[in-house]
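S.K.:
2 protein chains.
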Amino acid sequence: MVTINHIAKLAGVSTATVSNVINNKLGKISDGTRDRVLQIIKEEGYIPNRVASSMVTKQTKTIGLIIPDISNPFFPDLARGVEDFASENDYTVILCNSDNKLDKEETYIEMLQEKMVDGIIIAASRSRTTVSGELLNSRVPIVSIDRKIAELDDDAQVIVDNEEGVFQAVTYLLKKGYRNICHLSGPIELKTAKDRYSGFLRAYKEAGIEPMASHLHAGSYTTDWGYEISSQILSNRTDIDCFTCGNDLIALGVYRTLHERGLKVAEDIAVVGYDDIYVSNVVSPGLTTIRQPSYQMGYRAAETLINKIRTGQFIKYTLPLRAELIIRESTK
Amino acid sequence: MVTINHIAKLAGVSTATVSNVINNKLGKISDGTRDRVLQIIKEEGYIPNRVASSMVTKQTKTIGLIIPDISNPFFPDLARGVEDFASENDYTVILCNSDNKLDKEETYIEMLQEKMVDGIIIAASRSRTTVSGELLNSRVPIVSIDRKIAELDDDAQVIVDNEEGVFQAVTYLLKKGYRNICHLSGPIELKTAKDRYSGFLRAYKEAGIEPMASHLHAGSYTTDWGYEISSQILSNRTDIDCFTCGNDLIALGVYRTLHERGLKVAEDIAVVGYDDIYVSNVVSPGLTTIRQPSYQMGYRAAETLINKIRTGQFIKYTLPLRAELIIRESTK
DNA sequence: TTGAAAGCGCTAACAT
DNA sequence: ATGTTAGCGCTTTCAA
């Protein structure tokens with residue numbers, strides 16, 4: 123293996139000099155030596171060992187990203203945003219899937235700390251509303267994304283206002299004349315799910331209308347659940363004119379139910395999602411949904427984290443990331 | 123910062139002993155000391171520095187995963203497969219998005235080598251049919267996934283037979299009576315795209331039927347292109363009874379075109395995709411497609427790589443990963 | 001502008 | 001079963 127020592131000897135200089143060349147320490151090296159060293163580095167195919175340099179600089183230029191599941195369509199965009207900002211800034215990202223399990227999450231957090239990552243971005247599992255003391259007190263900066271964690275600095279959290287998004291949507295629906303809206307929520311113990319439902323309620327309240335009876339069903343953020351629950355509901359009642367869903371996956375389950383029962387989306391029953399994952403624009407009819415700016419969330423989370431690593435300070439953003447109602451054809 | 127030294131002093135033992143405890147060297151430590159050391163480690167909240175141990179063991183327990191783009195729905199499952207096998211085996215994965223750009227890919231490869239990853243899994247950019255000499259000769263084992271790279275050992279490539287998959291599908295379509303099938307291919311310079319088209323041709327040939335004129339259109343693996351090209355084709359001719367698409371994204375573009383023109387999928391024109399990404403089962407009508415076992419591909423790639431890292435040998439699999447025709451409602 | 005040398009935190013070989 | 005010590009490849013004072 124070719125090391126800095128090897129290069130130094132061949133170039134007839136010290137390792138310190140080679141190090142300065144590699145790291146572009148300006149003004150510390152004469153053009154002559156720089157060129158000569160560079161030349162030899164090239165000839166020898168020398169690749170600096172960043173593990174060794176991490177030993178002394180105490181930074182790995184690596185961050186950890188813990189998400190529930192990269193195959194959940196909400197997360198790829200987010201991950202991409204993180205990786206983009208990271209790589210633009212010469213950081214590398216380690217991907218971890220926690221499956222929403224606290225123990226997996228803990229294991230990853232420990233692993234990441236052992237690997238001396240410079241920081242961690244976490245879309246915390248639904249069971250986590252708090253971070254363990256060790257992590258909180260550790261040297262590793264942490265940024266929470268999508269889900270709020272109580273102990274963390276507000277500026278260390280990248281979230282969008284879920285309540286506001288659904289409020290917007292339901293207000294729109296009420297204005298359009300929908301009255302019997304059924305809300306298919308994600309796990310209601312989750313902050314995001316709770317907030318989305320609050321938005322639902324507030325829209326009714328501000329419109330001075332009473333929600334219909336049993337308008338809330340809480341389950342999980344999956345197509346399967348959306349399918350099952352909507353199927354079940356429609357077997358029992360016929361008064362519903364719209365489903366607002368905790369996320370797009372659930373909405374797609376409703377699509378399946380309607381399709382199966384020969385009902386037309388929009389024409390017979392309207393459907394509204396949340397997230398605006400890729401699919402929503404591609405199904406027919408296009409799904410009216412509330413767009414979560416997931417790429418930006420990831421990008422901003424990385425920006426926040428790396429800024430913190432560099433400066434010790436969190437960025438204070440003036441513009442919050444906002445959810446946005448995207449009207450397509452699943453409502454009329 | 124609490125180090126192994128610190129623990130050793132507190133426990134009144136040597137660092138070697140603490141090291142043996144941490145790494146569970148069996149038979150090298152008495153129960154008494156083990157317990158005492160473990161106790162102190164806990165009390166002090168000691169986290170072993172794996173960067174330091176990597177220095178001496180010459181392995182980082184980290185692999186790199188280079189894919190074109192995690193937001194492309196084909197890759198999350200694959201990435202998940204990689205990460206699952208890796209984490210089960212105590213490896214960590216660094217995620218890199220190359221955007222199909224050779225230069226980004228090169229940069230990542232260099233970065234990964236500098237970070238001393240133990241191996242690399244790469245879904246190579248379309249421009250790459252070969253690996254640079256440095257990489258090939260480097261100490262870093264490399265496994266190619268989805269796309270074949272000439273110089274690599276056959277056992278270091280995790281691919282499925284694309285030709286076979288499409289052959290199956292088109293044979294099925296011809297049997298069903300479809301005759302004027304139009305193939306909307308991905309970038310034809312890509313091996314995968316080429317193979318899929320070959321399967322198309324062979325199906326016709328073995329059926330003793332002549333493909334219709336101008337049945338091939340090559341573009342890119344995107345919904346937008348699928349939309350545009352199908353729209354354009356249908357403006358010019360009315361004889362087409364089926365589109366076979368290079369991937370599901372293209373197929374979804376065709377869905378959009380048909381929808382826009384008031385044409386019914388299946389009833390008026392059949393559509394067949396490739397990959398079986400998540401969406402395909404969720405759109406209405408469900409998309410008939412050729413399933414790429416992407417999770418397994420990722421899982422197997424990681425298995426192959428890590429086995430190579432550990433034993434120096436590639437695994438020889440007896441069962442190839444196969445594409446499988448999934449018949450849904452977009453064909454009749 | 002360059003070099004000598006200490007030391008980052010750990011493991012492994014060897015000695016006891 | 002445990003300790004001593006060299007050394008992994010690099011950066012960073014400090015001195016020249």
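Protein sequences, first through last, are from chains A and B. Each residue of the first sequence is one higher than the one before, starting from 123 at the first, in my numbering. Each residue of the second sequence is one higher than the one before, starting from 123 at the first, in my numbering. By construction, the Cβ of each residue, glycine as well, lies at the ideal position given by its N, Cα and C atoms.
Counting only Cβ-Cβ distances shorter than 9 Å, please list the residues of the stretch 228 to 243 of chain A near chain B, keeping chain order.
M.R.: 229, 230, 232, 233, 234, 235, 236, 237, 238
S.K.: Note down, in chain order, all residues in the stretch 166 to 181 of chain B with a beta-carbon under 8 Å from any beta-carbon belonging to chain A.
M.R.: 167, 169, 170, 171, 172, 173, 174, 176, 177
S.K.: So, helix, strand or coil for residue 320 of chain A, using DSSP?
M.R.: Here residue 320 of chain A is taken as the residue at index 198 of the first sequence, counted from 1. Residue 320 of chain A falls in the helix class under three-state DSSP.
S.K.: Between the alpha carbons of residue 237 of chain A and residue 172 of chain B, how many angstroms are there, rounded?
M.R.: Here the question's residue 237 of chain A lines up with position 115 in the first sequence. Here the question's residue 172 of chain B lines up with position 50 in the second sequence. Roughly 5 Å separates the two Cα atoms.
S.K.: Quick check on residue 455 of chain A: buried or exposed, where buried means 16 or more other Cβ atoms within 10 Å of its Cβ?
M.R.: Here chain A covers residues 123 to 454 and nothing more, so residue 455 of chain A does not appear.
S.K.: What are the start and end residues of each continuous beta strand (DSSP E) run of 3 or more residues lying completely inside the stretch 219 to 297 of chain B, in chain order?
M.R.: 241 to 244, 264 to 267
S.K.: Find out if the Cβ-Cβ distance for the pair residue 393 of chain B, residue 387 of chain B is shorter than 8 Å.
M.R.: Taking the first residue of the second sequence as position 1, residue 393 of chain B is located at position 271. Taking the first residue of the second sequence as position 1, residue 387 of chain B is located at position 265. Residue 393 of chain B places its beta carbon less than 8 Å from that of residue 387 of chain B.
S.K.: With a threshold of 8 Å between beta-carbons, can residue 411 of chain A be considered close to chain B, or not?
M.R.: For the purposes of this step, residue 411 of chain A is taken as the residue at position 289 of the first sequence. No, residue 411 of chain A lies away from the interface with chain B (no Cβ there is under 8 Å from its Cβ).
S.K.: For chain A, check one thing: does any of its Cβ atoms lie closer than 8 Å to the Cβ of residue 397 of chain B?
M.R.: Locating residue 397 of chain B in the second sequence gives position 275, where the first residue counts as 1. Residue 397 of chain B does not count as touching chain A.
S.K.: Leaving out the 5 sequence neighbours to the left and right, which residues in its chain are closer than 7 Å to residue 212 of chain A when beta-carbon positions are compared?
M.R.: Within the first sequence, numbered from 1, the residue matching residue 212 of chain A stands at position 90. 183, listed in sequence order.
S.K.: Identify each residue in the stretch 325 to 345 of chain A for which the Cβ-Cβ distance to at least one residue of chain B is less than 9 Å, and report them in chain order.
M.R.: 345
S.K.: Between which residues of its own chain and residue 181 of chain B is the CB-CB distance below 6 Å, once the five residues before and five after are set aside?
M.R.: Here residue 181 of chain B is taken as the residue at index 59 of the second sequence, counted from 1. Result list for residue 181 of chain B: 240, in chain order.
S.K.: Just tell me which of B:189, B:191, B:263, B:220 has its CA closest to the CA of residue 432 of chain B.
M.R.: Residue 432 of chain B sits at position 310 when you count from the first residue of the second sequence. Ranking the options by Cα distance to residue 432 of chain B, first place goes to B:263.
S.K.: Secondary structure at residue 338 of chain A, three-state DSSP: helix, strand or coil?
M.R.: The residue labelled residue 338 of chain A in the question sits at position 216 within the first sequence. DSSP places residue 338 of chain A in strand when its eight states are reduced to three.
S.K.: With three or more C-beta pairs closer than 8 Å as the rule, is the stretch 310 to 329 of chain B touching the stretch 281 to 291 of chain B?
M.R.: yes
S.K.: Between which two residues does the alpha helix (DSSP H) carrying residue 380 of chain B extend?
M.R.: The residue you call residue 380 of chain B lines up with position 258 of the second sequence. Element bounds for residue 380 of chain B: 370 to 382.
S.K.: Could you tell me whether the Cβ of residue 211 of chain A comes closer than 8 Å to any Cβ of chain B?
M.R.: By 1-based counting over the first sequence, the position of residue 211 of chain A is 89. Contacts with chain B at 8 Å (Cβ-Cβ) do not include residue 211 of chain A.
S.K.: Please state the DSSP three-state secondary structure of residue 207 of chain B.
M.R.: As a position in the second sequence, residue 207 of chain B is number 85, starting the count at 1. Helix, per DSSP.
S.K.: What first and last residue would you give for the alpha helix (DSSP H) that runs through residue 125 of chain B?
M.R.: For the purposes of this step, residue 125 of chain B is taken as the residue at position 3 of the second sequence. Run containing residue 125 of chain B: none; DSSP gives neither H nor E here.
S.K.: Kindly indicate if chain B contains any beta-carbon less than 8 Å away from that of residue 353 of chain A.
M.R.: Walking along the first sequence from the start, residue 353 of chain A turns up at place 231. Not closer than 8 Å to any Cβ of chain B, the Cβ of residue 353 of chain A fails to qualify, so no.
S.K.: Let me know if residue 427 of chain B comes out buried or exposed under the rule of 16 or more other beta-carbons within 10 Å of its beta-carbon.
M.R.: Here residue 427 of chain B is taken as the residue at index 305 of the second sequence, counted from 1. Result: buried.
S.K.: Please confirm whether residue 214 of chain A has its beta-carbon closer than 8 Å to some beta-carbon of chain B.
M.R.: Indexing the first sequence from 1 puts residue 214 of chain A at position 92. Chain B contact via Cβ: present.
S.K.: Using only the alpha-carbon positions, how far apart do residue 137 of chain A and residue 125 of chain A sit?
M.R.: Residue 137 of chain A sits at position 15 when you count from the first residue of the first sequence. Residue 125 of chain A sits at position 3 when you count from the first residue of the first sequence. Taking the straight line joining both Cα atoms gives about 10 Å.
S.K.: Within a Cβ cutoff of 6 Å, which residues of the same chain sit near residue 170 of chain A, ignoring the five residues on either side of it in sequence?
M.R.: In the first sequence, the residue the question calls residue 170 of chain A occupies position 48. Closer than 6 Å at Cβ, skipping near neighbours: 144.
S.K.: Might you give, ordered along the chain, the residues of its own chain that have their beta carbon closer than 8 Å to the beta carbon of residue 361 of chain A, omitting 5 neighbours on each side?
M.R.: As a first step, residue 361 of chain A must be located in the first sequence, where it is residue number 239. Around residue 361 of chain A: 302, 334.
S.K.: By DSSP's criteria, residue 132 of chain B is part of a beta bridge. Which residues make up the other side?
M.R.: Your numbering for residue 132 of chain B matches position 10 in the second sequence. Its beta-bridge partners do not exist; DSSP assigns none.
S.K.: Say whether chain B places a C-beta atom closer than 8 Å to the C-beta of residue 377 of chain A.
M.R.: Reading the first sequence from its first residue, position 255 is the one you call residue 377 of chain A. So yes, residue 377 of chain A belongs to the interface.
S.K.: What whole-angstrom Cβ distance do residue 421 of chain A and residue 206 of chain A have, given they're in contact under 8 Å?
M.R.: Position 299 of the first sequence holds residue 421 of chain A. Position 84 of the first sequence holds residue 206 of chain A. With a Cβ gap of about 6 Å, residue 421 of chain A and residue 206 of chain A count as contacting.
S.K.: At what residue ranges does the stretch 388 to 420 of chain A contain a whole run of the beta strand (DSSP E), taking only runs of 3 or more?
M.R.: 392 to 394, 411 to 413
S.K.: Taking residue 88 of chain A as the query, report the chain B residues whose CB atoms sit under 9 Å from its CB, ordered along the chain.
M.R.: Any question about residue 88 of chain A goes unanswered here, given that chain A covers just 123 to 454.
S.K.: Comparing the C-beta of residue 406 of chain B with each C-beta of chain A, is any distance below 8 Å?
M.R.: Locating residue 406 of chain B in the second sequence gives position 284, counting from the first residue. Interface residue, yes.
S.K.: Whole angstroms is fine: what's the gap from residue 424 of chain A's alpha carbon to residue 332 of chain B's?
M.R.: Position 302 of the first sequence, counting from 1, holds the residue named residue 424 of chain A. Position 210 of the second sequence, counting from 1, holds the residue named residue 332 of chain B. Taking the straight line joining both Cα atoms gives about 55 Å.
S.K.: Sorted by chain position, which residues of the same chain lie with C-beta nearer than 7 Å to residue 320 of chain A's C-beta, five sequence neighbours on each side aside?
M.R.: Along the first sequence, read from residue 1 onward, the residue named residue 320 of chain A stands at position 198. Result list for residue 320 of chain A: 285, in chain order.
S.K.: Between B:437, B:398, B:337, which has its C-alpha nearest residue 444 of chain B's C-alpha?
M.R.: One-based indexing of the second sequence puts residue 444 of chain B at position 322. Of the listed residues, the one whose Cα sits closest to residue 444 of chain B is B:398.
S.K.: Going by DSSP in three states, residue 436 of chain B sits in which element: helix, strand or coil?
M.R.: Taking the first residue of the second sequence as 1, we reach residue 436 of chain B at position 314. Three-state DSSP puts residue 436 of chain B in coil, outside helix and strand.
S.K.: Since residue 190 of chain B contacts residue 245 of chain B with CB under 8 Å, what's their CB separation in whole angstroms?
M.R.: Along the second sequence, read from residue 1 onward, the residue named residue 190 of chain B stands at position 68. Along the second sequence, read from residue 1 onward, the residue named residue 245 of chain B stands at position 123. At roughly 6 Å, the Cβ-Cβ gap stays under 8 Å, so residue 190 of chain B and residue 245 of chain B are in contact.
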